[in-house]
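J.: One structure follows; several queries about it will come next.
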Amino acid sequence: MTWLIWLVAAAVLLAAGFGVAFLPWWRAHDLRKRTTWSRARAAVDSASVSRDACRGAVPEAERLFARAESIAGERGGVKAAGMVADLAERADRLWREARR
Amino acid sequence: MTGVPRSGLVRWGSLGAAVLVLVVFLVAQRQSVDVSYGRSPTSSDPVKEGSAGELADVTVPSVEEMTAMVRADAVVRLPGSVARWDEAAVREVIGDARILVAPPGLDEAERKRVRDVEAAEIRVIGTDVTGGGLQATSTGLADWRIRFAQGDVTSLLVTLAAKLNDKPAAEDVDRFRWREPTAAELDPVVADLRAAGVHTGAGATLARVPKSAEAAFPDGALYVALPRQPFGEPVPQYGPALTALFPDRPVVVMYGDWIEYHGPRAEEFADVVGTSFYAQAADRIATYAYPQANVLHAYLNRVTDVRYAGLFDRPLPYLPLDPLRVALPALPWLFAACAVVFLVLSANSVRRGGTARAGTPARLAGLTALAIEVSALSSDPSLVRGMSKLRAAGDALAEDLPDAHVRTLLDDAAAELDTTAKALGRQDYRSDVYLRGRVA
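Read top to bottom, the protein sequences are chains A and B.
Going by our numbering, the first residue of the first sequence is number 3, and it counts up by one from there.
Going by our numbering, the first residue of the second sequence is number 9, and it counts up by one from there.
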């Protein structure tokens with residue numbers, strides 16, 4: 003009986019410690035992921051507007067944008083989102099310069 | 009509030025308390041109180057058959073010869089046998105069953121020969137009674153007394169026969185009778201005891217008092233050894249007579265293999281020692297022909313064991329009150345309480361707090377208004393990009409994303425709208441100007 007109490011209490015302590023350490027980390031991780039994806043989506047939208055506005059074809063930008071969209075299609079973590087955002091922003095810049 | 013908030017103090021304090029309780033508990037596991045009632049100085053080394061002189065100088069005929077003897081007579085008594093019984097009482101229960109009586113002190117091979125005589129329903133080796141795969145056992149001091157003092161196995165035979173014939177066991181009557189010793193019997197005993205403290209009667213095998221006597225009775229005792237008493241006759245009771253003559257001296261009287269103690273504290277431990285000794289040793293004493301010195305040696309060792317067990321004249325050792333031992337049962341509950349407090353407070357501290365927003369939704373609304381207003385005048389891609397950024401900022405707000413991120417998106421949108429204003433050539437549609445004008 004008392005051994006059971008020790009075990010249960012130790013398990014409770016472990017759970018509390020794990021929760022205290024893990025929950026904030028996991029929450030921050032999740033938030034960073036969603037934030038980066040939000041930035042990536044905004045960049046992709048912006049790039050697609052620039053592409054529609056550009057009259058001539060910019061193969062480099064098309065290539066970058068296609069890659070960004072293919073990565074975005076598979077979803078993924080913070081790294082993938084960051085990559086999508088960078089590629090889309092570079093494509094956006096190329097199209098804007100081509101329009102000027 | 010300055011410093012550590014109170015709930016944090018309680019939370020980490022409870023964790024520390026839990027660890028402390030656990031450490032105390034674990035350390036307490038190593039503590040043990042060594043209570044000893046003294047180490048009894050007896051030894052119990054394993055012994056080889058025959059090494060204690062328990063084998064007698066007798067032997068038994070071959071199985072065939074014994075079988076022939078059993079076929080010829082209902083009761084066959086081999087030379088040297090000691091078991092006696094009330095013929096009439098036994099015959100009444102036993103019918104015409106054959107009984108083979110062998111002497112005590114046979115070795116393993118000889119006992120096997122006796123057991124192999126299948127014509128005999130009941131075999132008696134020494135005073136050990138077996139038959140039909142059963143063994144008759146004495147169950148009390150009175151049983152052992154008549155069996156070892158006189159070699160009387162009547163009650164064993166009757167019990168075994170009743171069992172073998174599926175009859176209810178007969179009422180057990182103690183057939184042992186005491187009588188007062190005569191003056192002629194008592195005088196030489198008293199004279200020997202006064203001279204040497206030991207009397208060995210004619211036919212007794214006690215050569216000298218065994219060494220274990222010193223530990224059993226440190227102040228000395230008187231020993232009287234008599235041979236096995238004749239069957240069916242009253243036995244002279246020396247104990248009370250001798251204690252009257254030698255008050256306050258322990259008196260040990262042996263009748264054959266039966267040992268009696270009289271003297272100080274007799275009523276307290278004579279029965280305990282006798283019962284525990286014969287309960288353990290009765291089978292060996294019955295089967296073998298131990299010299300009386302060896303039986304007495306074992307008995308005195310048992311007396312020593314009982315004395316050292318502290319059951320009689322030794323007070324229990326003083327045990328001081330140990331607060332840890334009192335608190336120990338409460339420790340797991342304390343530990344559990346600390347764990348629960350820590351869990352609850354931790355859950356409180358981890359609970360999600362809302363993100364602080366300072367003016368961001370207002371700025372989003374203002375920029376959206378500007379974009380809608382400009383959209384009537386322009387269709388520049390920068391305007392479309394700006395609106396998509398505004399939509400992204402709106403989504404981010406709805407998703408409760410960090411304020412900094414929303415602000416970055418709004419900054420991007422404002423820059424795009426500024427580009428549009430520049431393209432239109434309208435300074436008043438620049439975002440900062442427009443927002444300031446709107447607020448004003």
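All residues carry an ideal CB built from backbone N, CA and C; glycine is no exception.
Does the beta carbon of Pro369(B) come closer than 9 angstroms to any beta carbon on chain A?
T.: It does not; no Cβ of chain A falls within 9 angstroms.
J.: Can you tell me which residues form a DSSP beta bridge with Arg187(B)?
T.: In the DSSP output, where bridge partners are listed per residue, Arg187(B) has Pro244(B).
J.: Quick check on Leu23(B) - is its C-beta less than 9 angstroms from some C-beta in chain A?
T.: Yes, its Cβ sits closer than 9 angstroms to a Cβ of chain A.
J.: Since I believe Glu268(B) is in contact with Gly247(B) (beta carbons under 8 angstroms), could you give me their beta-carbon distance rounded to a whole number of angstroms?
T.: That pair is a contact at about 5 angstroms.
J.: Against chain A, does Val18(B) count as a neighbour if the rule is that its beta carbon must be under 9 angstroms from one of theirs?
T.: It does not; no Cβ of chain A falls within 9 angstroms.
J.: Between Leu15(A) and chain B, is any beta-carbon pair separated by less than 9 angstroms?
T.: It does; some Cβ of chain B falls within 9 angstroms.
J.: Using 8 angstroms for Cβ pairs, my map puts Leu149(B) next to Asp279(B). What's the rounded Cβ distance?
T.: Yes, they are in contact, since the Cβ atoms of Leu149(B) and Asp279(B) sit about 7 angstroms apart, within 8 angstroms.
J.: To be precise: take each residue of the segment 385-413 of chain B, compare its Cβ to all Cβ atoms of chain A, and keep it if any distance is under 7 angstroms. Which residues remain?
T.: Result list: Pro389, Val392, Arg393, Ser396, Lys397, Ala400, Asp403, Ala404, Glu407, Leu409, Pro410 and His413.
J.: Identify the residues that DSSP records as bridge partners of Arg153(B): which are they?
T.: According to DSSP, Arg153(B) bridges with nothing at all.
J.: Checking contacts by CB at 9 angstroms: is Ala379(B) closer than that to chain A?
T.: By this cut-off, Ala379(B) is not an interface position.
J.: Can you confirm whether Leu25(A), when its beta carbon is compared against all beta carbons of chain B, has any partner nearer than 9 angstroms?
T.: Yes - at least one Cβ of chain B is within 9 angstroms of the one on Leu25(A).
J.: So what does DSSP say about Tyr263(B), is it helix, strand or coil?
T.: Three-state result, Tyr263(B): strand.
J.: By how many angstroms is the C-alpha of Ala406(B) removed from the C-alpha of Ala107(A)?
T.: In this structure chain A extends from 3 to 102, so residue 107(A) is not present and cannot be described.
J.: What are the uninterrupted segments assigned as beta strand (DSSP E) that are 3 or more residues long and contained completely in the segment 355-437 of chain B, given in chain order?
T.: The qualifying runs do not exist here; there are none.
J.: From the DSSP output, which residues share a beta bridge with Ala110(B)?
T.: According to DSSP, Ala110(B) bridges with Ile133(B).
J.: Given this structure, state the Cα-to-Cα distance separating Thr10(B) from Val18(B), to the nearest angstrom.
T.: Interpretation of Thr10(B) is limited by its pLDDT of 45, a score under 50 that renders its predicted location unreliable; the figure taken from the coordinates is listed afterwards. Those two C-alpha atoms are separated by around 16 angstroms.
J.: Residues of the segment 27-59 of chain A in Cβ contact with chain B at a cutoff of 8 angstroms, in chain order, please.
T.: Those would be Arg29, Leu33, Arg36, Thr37, Ser40, Arg41, Arg43, Ala44, Asp47, Ser48, Val51, Ser52, Asp54 and Ala55, in chain order.
J.: Taking Ile7(A) as the query, report the chain B residues whose CB atoms sit under 7 angstroms from its CB, ordered along the chain.
T.: Result: Pro340, Trp341 and Ala344.
J.: For Asn226(B), is the classification buried or exposed, using 16 other Cβ atoms within 10 angstroms of its Cβ as the cut-off for buried?
T.: According to the sequence displayed, residue 226(B) carries Pro and not Asn. That one is exposed.
J.: Residues of chain B with a CB under 9 angstroms from the CB of Gly21(A): which are they?
T.: Chain B residues near Gly21(A): Leu351, Ser354, Ala355 and Val358.
J.: Who are the Cβ neighbours of Arg34(A) in its own chain at under 8 angstroms, not counting the five residues just before and after it?
T.: Val80, listed in sequence order.
J.: If contact means a Cβ-Cβ distance below 7 angstroms, which residues of the segment 416-428 of chain B contact chain A?
T.: The segment 416-428 of chain B vs chain A, Cβ under 7 angstroms: Leu417.
J.: Could you pull the DSSP bridge partners for Asp160(B) from this structure?
T.: Asp160(B) pairs with Arg92(B).
J.: Could you list which residues in chain A have their beta carbon closer than 7 angstroms to that of Ala26(B), in chain order?
T.: Under the 7 angstroms cutoff, chain A gives Leu15.
J.: What do you get for Thr37(A), buried or exposed, if any count of 16 or more other CB atoms within 10 angstroms of its CB means buried?
T.: That one is buried.
J.: If you drop the 5 nearest sequence neighbours on each side, which residues of the same chain put their C-beta closer than 8 angstroms to that of Asp124(B)?
T.: Once the five neighbours on either side are set aside, the close Cβ partners of Asp124(B) are Val71.
J.: With three or more C-beta pairs closer than 8 angstroms as the rule, is the segment 22-29 of chain B touching the segment 296-308 of chain B?
T.: No: the two stretches stay apart, fewer than three of their Cβ pairs being nearer than 8 angstroms.
J.: Tell me the rounded alpha-carbon separation between Ser89(B) and Ala233(B).
T.: About 21 angstroms.
J.: Mind listing the chain B neighbours of Ala68(A)? Cutoff is C-beta to C-beta under 7 angstroms, in chain order.
T.: Neighbours of Ala68(A) on chain B: none; closest Cβ ~19 angstroms, over 7 angstroms.
J.: Quick check: does the Cβ of Gly113(B) come within less than 8 angstroms of any heavy atom belonging to the ligand COA?
T.: Here there are no bound small molecules, and the ligand COA is not part of this structure.
J.: Whose Cβ in chain A lies nearer than 7 angstroms to the Cβ of Val348(B)?
T.: Ordered by position in chain A, the residues that pass the 7 angstroms Cβ test against Val348(B) are Val14.
J.: I want to verify the contact list: residues of chain A whose CB lies under 8 angstroms from the CB of Pro337(B), in sequence order.
T.: Residues of chain A passing the Cβ test: Thr4.
J.: By the three-class DSSP mapping on this structure, what secondary structure does Ala199(B) have?
T.: Here Ala199(B) sits in helix by DSSP.
J.: Assuming contact is defined by CB atoms lying nearer than 9 angstroms, are Ala42(A) and Ala70(A) in contact in what I supplied?
T.: For Ala42(A) and Ala70(A), yes; Cβs fall inside 9 angstroms.
J.: Would you kindly report the start and end of the unbroken alpha helix (DSSP H) that includes Ala274(B)?
T.: Run containing Ala274(B): Ala274 to Thr295, per the alpha helix (DSSP H) assignment.
J.: Output yes if chain B places a C-beta closer than 9 angstroms to the C-beta of Val10(A); else output no.
T.: Answer yes: the Cβ-Cβ gap between Val10(A) and chain B drops below 9 angstroms somewhere.
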